[in-house]
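Down below is the structure, laid out as structure tokens.
Residue numbers (our numbering): 25 to 275.
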């Protein structure tokens, strides 16, 4: 149950569509469950507005299945699994209705909900090589109920490609700018946009990029106002934050 479900439940009690006793039963779900190797947080959706997400890397396929089933059994409609390997996904598919996106290593159990906001999140990459991180961000945004527009391979090496999307940049409520190499894309986008820009450095680049450290430092030192930065390759974190911003004010 998330904040929207809880609000509807309370409205149904007020209108007489559901009895207070039935509502009480729904709310009696204990905050978490002890599985031995994990403690699924069943009240995270009520507390934060977004239900628990499973980080797949480092977990066994068996653990992912058990956590997913526990969340679904307690009423979570959609389970998002990040950093899910191909082999683990094939295992999980035997026990759940998992849809796997190999490029982004994202697994989704349940339906991607319809957008419940008016604002558009724009996801821009510097190059095609940044797409795995971009798809992690884009799918995260969509699972969390947002409209997403993707603009890929529009980096500063051919900056006219970015300017061709000036109207989209001006219309966006939040922008996620994803780039490796020297990470200049975030500063350029930040200088064009009138909305928050979330910069994501990627580990794409030659030796002196130091696995994304170069683009991370460039983005942290951006002279463009309104640019914030998440960790290297953290498409999920950028998508989560973009969704929170996009839902402010309910539009």
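Idealized CB from N, CA, C, for every residue including glycine.
Using 8 Å as the threshold, is the C-beta distance between residue i and residue j below it?
i, j, result
"residue 246", "residue 210", "yes"
"residue 103", "residue 259", "no"
"residue 168", "residue 74", "yes"
"residue 202", "residue 193", "no"
"residue 91", "residue 62", "yes"
"residue 204", "residue 154", "yes"
"residue 178", "residue 263", "no"
"residue 96", "residue 136", "no"
"residue 270", "residue 145", "yes"
"residue 64", "residue 76", "yes"
"residue 47", "residue 33", "yes"
What are the boundary residues of the alpha helix (DSSP H) that includes residue i?
i, result
"residue 106", "Here residue 106 belongs to no alpha helix (DSSP H); instead the beta strand (DSSP E) covers 103-106."
"residue 259", "259-270"
"residue 157", "155-167"
"residue 242", "237-244"
"residue 232", "First-last for residue 232: undefined, no H or E at that position."
"residue 72", "68-72"
"residue 91", "85-97"
"residue 217", "Run containing residue 217: none; DSSP gives neither H nor E here."
Which residue marks the beginning of the beta strand (DSSP E) containing residue i, and which one marks its end?
i, result
"residue 225", "221-225"
"residue 252", "251-253"
Can you find the residues in the same chain that come closer than 6 Å, C-beta to C-beta, to residue i, ignoring five residues on each side of it along the sequence?
i, result
"residue 243", "207, 210, 223, 225 and 253"
"residue 105", "78, 80 and 131"
For residue i, which residues in the same chain have their Cβ closer than 7 Å to its Cβ, ignoring the five residues on either side in sequence?
i, result
"residue 221", "199, 201, 210, 213, 214, 250 and 251"
"residue 139", "169, 170 and 171"
"residue 257", "157, 226, 227 and 236"
"residue 248", "211, 214 and 215"
Identify, in the order they occur along the chain, each residue of the same chain with its Cβ nearer than 8 Å to the Cβ of residue i, setting aside the five sequence neighbours on each side.
i, result
"residue 159", "125, 127, 128, 130 and 259"
"residue 117", "124"
Problem - Inter-stretch contact (C-beta, 8 Å, three-pair minimum) for the stretch 171-190 and the stretch 119-133 - result: Touching, no.
Problem - Inter-stretch contact at 8 Å, needing at least 3 Cβ pairs: the stretch 227-239 / the stretch 180-187 - result: Touching, no.
Problem - contact_flag[the stretch 66-86, the stretch 33-42] where n(CB pairs < 8 Å) is 3 or more - result: A contact is defined here as three or more CB-CB pairs under 8 Å, and the stretch 66-86 fails this definition with respect to the stretch 33-42.
Problem - Any beta strand (DSSP E) of 3 or more consecutive residues that is wholly inside the stretch 117-201 - result: Fully contained in the stretch 117-201 are the following beta strand (DSSP E) runs of length 3 or more, in chain order: 122-125, 130-133, 144-149 and 171-175.
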